[in-house]
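Sequence order for the protein chains is A and B.
Each residue of the first sequence is one higher than the one before, starting from 185 at the first, in the working numbering.
Each residue of the second sequence is one higher than the one before, starting from 7 at the first, in the working numbering.
Ideal Cβ positions, reconstructed from N, Cα and C, are used throughout, including at glycine.
Treat the numbers as computed from the prediction; the structure is a model and nothing was measured.
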Amino acid sequence: MPDLKPLYDAILTGDVQTAKSTTEQALAGGMDPVKLVQDHMVPAMGEVGRRFECNEFFVPELLLAARAMKAALELVRPLLVAGGVQPTGRVAIGTVKGDLHDIGKNLVAAMLEGGGFEVIDLGVNVAPEKFVAAVKDRGAQVVALSALLTTTMPAMKSTIDALKQAGVRDQVKVLVGGTPVTQKYADEIGADGYSESAAGAPALTRQVLK
Amino acid sequence: MTDQQWQILLAAIRGEPLRPLPTGFIIDSPWLPNWAGHTILDYLTDGSVWFESHQKALAAFPQTMFLPGFWSEFGMCTEPSAFGAVSSFGEDDFPFAKKLLQTVEAVDGLEKPDPRTDGLLPFVIKRLKRWQPEIEKSGHKIRFAVARGPLNVASFLMGTTEFLMAIKTDPERMHKLLNLITDYLVEWIAWQRECFPTIDGILVLDDLVGFVGQSDFLEFGLPYVKRVFAAEVTVKFFHNDAPCKVCAPYLHEAGINLLNFGIQHTLNDMKEWTGNKITLLGNLPPRDVLAQGAPEQVREKTIALINGLKDRSRLILSCGGGMPPGAPAKNIEVFIATVRELTA
Numbered sequence: 185m186p187d188l189k190p191l192y193d194a195i196l197t198g199d200v201q202t203a204k205s206t207t208e209q210a211l212a213g214g215m216d217p218v219k220l221v222q223d224h225m226v227p228a229m230g231e232v233g234r235r236f237e238c239n240e241f242f243v244p245e246l247l248l249a250a251r252a253m254k255a256a257l258e259l260v261r262p263l264l265v266a267g268g269v270q271p272t273g274r275v276a277i278g279t280v281k282g283d284l285h286d287i288g289k290n291l292v293a294a295m296l297e298g299g300g301f302e303v304i305d306l307g308v309n310v311a312p313e314k315f316v317a318a319v320k321d322r323g324a325q326v327v328a329l330s331a332l333l334t335t336t337m338p339a340m341k342s343t344i345d346a347l348k349q350a351g352v353r354d355q356v357k358v359l360v361g362g363t364p365v366t367q368k369y370a371d372e373i374g375a376d377g378y379s380e381s382a383a384g385a386p387a388l389t390r391q392v393l394k
Numbered sequence: 007m008t009d010q011q012w013q014i015l016l017a018a019i020r021g022e023p024l025r026p027l028p029t030g031f032i033i034d035s036p037w038l039p040n041w042a043g044h045t046i047l048d049y050l051t052d053g054s055v056w057f058e059s060h061q062k063a064l065a066a067f068p069q070t071m072f073l074p075g076f077w078s079e080f081g082m083c084t085e086p087s088a089f090g091a092v093s094s095f096g097e098d099d100f101p102f103a104k105k106l107l108q109t110v111e112a113v114d115g116l117e118k119p120d121p122r123t124d125g126l127l128p129f130v131i132k133r134l135k136r137w138q139p140e141i142e143k144s145g146h147k148i149r150f151a152v153a154r155g156p157l158n159v160a161s162f163l164m165g166t167t168e169f170l171m172a173i174k175t176d177p178e179r180m181h182k183l184l185n186l187i188t189d190y191l192v193e194w195i196a197w198q199r200e201c202f203p204t205i206d207g208i209l210v211l212d213d214l215v216g217f218v219g220q221s222d223f224l225e226f227g228l229p230y231v232k233r234v235f236a237a238e239v240t241v242k243f244f245h246n247d248a249p250c251k252v253c254a255p256y257l258h259e260a261g262i263n264l265l266n267f268g269i270q271h272t273l274n275d276m277k278e279w280t281g282n283k284i285t286l287l288g289n290l291p292p293r294d295v296l297a298q299g300a301p302e303q304v305r306e307k308t309i310a311l312i313n314g315l316k317d318r319s320r321l322i323l324s325c326g327g328g329m330p331p332g333a334p335a336k337n338i339e340v341f342i343a344t345v346r347e348l349t350a
């Protein structure tokens with residue numbers, strides 16, 4: 185079995201080249217792609233999340249780790265698809281209509297990808313109908329809504345209403361987050377979950393999908 | 007601010023014992039226009055609406071100070087607009103500057119703007135010039151030069167994610183960018199001071215310093231923030247309502263003597279981390295309590311805030327961050343009255 189500690193370390197340090205080359209070597213050596221993801225990549229991003237939570241890592245370190253993870257994952261993903269392996273879950277994520285601030289959304293997307301989820305990144309300023317389409321057409325099981333501004337928070341409720349009107353609310357779990365968002369607000373608008381931090385997103389998503 | 011309010015502010019900064027403890031709030035476009043019954047766009051584009059909104063707030067809350075006071079602004083668009091960033095204005099949305107630099111390499115082509123002529127900056131100056139006689143007639147003076155901080159401006163020009171990654175992947179180019187922005191901000195502040203000799207304070211707003219670790223703050227934050235605050239003014243006011251623990255011990259070294267921070271930290275913690283060398287403006291939860299709480303809850307949380315203080319020097323009681331959108335007059339009144347009652 186190849187030494188995969190360098191892959192773990194490369195994700196932790198955000199070293200894209202080493203993450204890619206180690207992954208390529210492992211796959212060329214016959215490593216099971218599922219094991220590669222579950223035993224090496226996911227634990228690495230888990231460690232990134234832990235360090236972020238206890239202020240050993242900050243936003244730049246988290247973003248770089250996510251980029252390295254993503255680069256490695258792109259090499260593995262075709263093999264997973266070919267092998268019929270399903271992701272842990274499929275999440276459509278975006279900042280709500282009117283909100284152009286992407287940092288929170290990007291951090292959560294990174295943590296979810298690192299946690300083995302397939303992430304459909306809808307970008308910023310996403311209209312409710314685009315979230316609906318992601319559920320209907322792309323099979324998103326979770327919709328993750330981000331808002332940085334108090335003024336754009338009501339678009340979270342509009343999005344949930346749009347999911348209801350489209351008749352898909354029962355098919356999808358809705359998660360909300362962002363600086364002004366609270367558990368109280370999440371409850372008020374009928375969201376299924378709220379996470380205070382990006383690092384908590386994978387665990388929350390797994391929990392709501394149970 | 008009136009002369010009396012300014013003297014109270016200076017006394018708080020000097021650490022003099024004050025009874026009652028002063029209260030103060032940063033007020034600007036996220037709160038003031040809607041509170042005064044206008045859309046944000048009307049407030050930003052119509053000088054009369056802007057002036058009357060300030061007058062209305064000053065009349066409604068005479069026992070508190072508003073900082074910076076008569077703030078001529080276009081939200082996050084003000085400083086990036088001078089570089090050529092597209093400014094986006096919805097009728098009642100916060101203005102937003104669209105990302106200007108599509109690649110890290112594009113930093114090399116960026117030119118330093120002229121604060122006298124570029125972007126929205128002349129509009130900022132003209133607004134104040136036009137209303138200066140009325141401001142002064144009402145007993146107030148223009149006291150502060152205001153600017154978004156270097157990291158904040160960089161994040162608008164590049165995108166936050168891209169900028170925060172680039173400080174790791176292309177540090178040399180990010181220093182080039184931050185140097186250029188800082189040169190511009192220094193000139194922008196100097197120009198405001200030249201236009202309004204009554205200015206004796208600087209307000210710099212930069213939440214991005216809260217997103218980086220210590221080594222990155224020392225390399226990419228402190229040197230530039232320090233340069234922006236190097237101007238010879240009495241009040242050096244910094245706003246960062248993102249996490250502040252990493253940068254707090256260094257803020258005094260940057261020249262800062264007044265700090266508004268977020269609700270992640272308590273006043274007691276912040277006093278310890280700043281060595282009680284900086285006057286703190288905080289720290290009632292802005293959204294959950296001041297904007298959305300019932301008046302009884304505002305009173306209860308204000309009492310808890312005051313009773314929890316270990317040291318009452320160098321304090322101006324406020325909320326953690328600027329006045330939040332939707333904060334009702336009643337809650338603000340209750341906060342001010344409770345502080346006055348308990349600290350008289």
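Any beta carbon from chain A within less than 8 Å of residue i's own beta carbon?
i        : result
B/Arg179 : no
B/Asp176 : no
B/Asp124 : no
B/Met171 : yes
B/Asp275 : no
B/Val218 : yes
B/Phe102 : yes
B/Gly328 : no
B/Thr167 : yes
B/Glu136 : It is Arg, not Glu, that sits at residue 136 of chain B in the sequence shown. No - not a single Cβ of chain A is within 8 Å of the one on B/Arg136.
B/Lys206 : Looking at the sequence shown, residue 206 of chain B is not Lys but Asp. Taking Cβ atoms only, chain A never reaches closer than 8 Å to B/Asp206, which makes this a no.
B/Asp294 : yes
B/Asp52  : no
How about residue i and residue j: are their beta carbons less than 8 Å apart?
i        : j        : result
B/Ile19  : B/Asn266 : no
B/Leu273 : B/Phe341 : no
B/Pro23  : B/Ala350 : no
B/Leu157 : A/Val243 : no
A/Ala284 : B/Phe162 : Before going further, note that residue 284 of chain A is Leu rather than Ala in the sequence given. Not closer than 8 Å, so no.
A/Gly278 : A/Val316 : no
A/Gly298 : A/Val226 : yes
B/Leu264 : B/Lys277 : no
B/Pro330 : B/Trp12  : no
B/Arg318 : B/Gly21  : no
A/Ala339 : A/Gly282 : yes
Helix, strand or coil for residue i, going by three-state DSSP, please let me know.
i        : result
A/Phe173 : What is shown of chain A runs 185 to 394, which leaves residue 173 of chain A out entirely.
B/Asn313 : helix
A/Lys348 : helix
B/Gly281 : coil
B/Phe244 : strand
A/Val221 : helix
B/Lys132 : helix
A/Thr279 : strand
B/Leu107 : coil
B/Ala151 : strand
Check the Cβ-Cβ distances between residue i and every residue of chain B, and say whether any is below 8 Å.
i        : result
A/Phe236 : no
A/Ile304 : no
A/Leu247 : yes
A/Pro244 : yes
A/Pro338 : no
A/Leu257 : no
A/Ile277 : no
A/Gly162 : No answer is possible for residue 162 of chain A: it lies beyond the span of chain A, which begins at 185 and ends at 394.
A/Leu196 : no
A/Asp286 : yes
Given the structure, does residue i come close to the ligand FAD, in the sense that its CB is under 7 Å from one of the ligand's heavy atoms?
i        : result
B/Val239 : Although the ligand FAD was asked about, the structure shown includes no ligands whatsoever.
I think residue i touches residue j, with their Cβ atoms under 8 Å apart; what is that distance to the nearest whole Å?
i        : j        : result
A/Thr389 : A/Val232 : No, A/Thr389 and A/Val232 are not in contact; Cβ-Cβ is about 16 Å, not under 8 Å.
B/Ala248 : B/Phe217 : 6 Å
A/Thr202 : A/Ala194 : 4 Å
B/Arg154 : B/Thr84  : 7 Å
In chain D, which residues lie less than 7 Å from residue i when you measure between Cβ atoms?
i        : result
B/Pro331 : Here chain D cannot be found, since the structure's protein chains are A and B.
Item to complete: Would you check if the stretch 243-252 of chain A and the stretch 161-177 of chain B touch, i.e. whether three or more CB-CB distances between them fall below 8 Å?
Response: yes
Worksheet item: With a cut-off of 8 Å, do at least 3 Cβ pairs link the stretch 325-336 of chain A to the stretch 348-363 of chain A?
Response: yes
Worksheet item: Any contact of the stretch 316-332 of chain B with the stretch 275-295 of chain B, i.e. 3+ C-beta pairs under 8 Å?
Response: yes
Practice prompt. Assess, as a yes-or-no matter, whether the stretch 92-99 of chain B is touched by the stretch 108-120 of chain B under the definition of 3 or more beta carbon pairs within less than 8 Å.
Written response: no
Worksheet item: How about the stretch 51-59 of chain B and the stretch 132-148 of chain B: do they share at least three Cβ pairs that are nearer than 8 Å?
Response: yes
Fill in: Given 8 Å, three or more beta-carbon pairs between the stretch 257-266 of chain A and the stretch 345-358 of chain A
no
Worksheet entry | Cβ contact check for the stretch 193-204 of chain B and the stretch 222-229 of chain B: 3 or more pairs under 8 Å | no
Item to complete: Assess, as a yes-or-no matter, whether the stretch 228-239 of chain B is touched by the stretch 204-214 of chain B under the definition of 3 or more beta carbon pairs within less than 8 Å.
Response: yes
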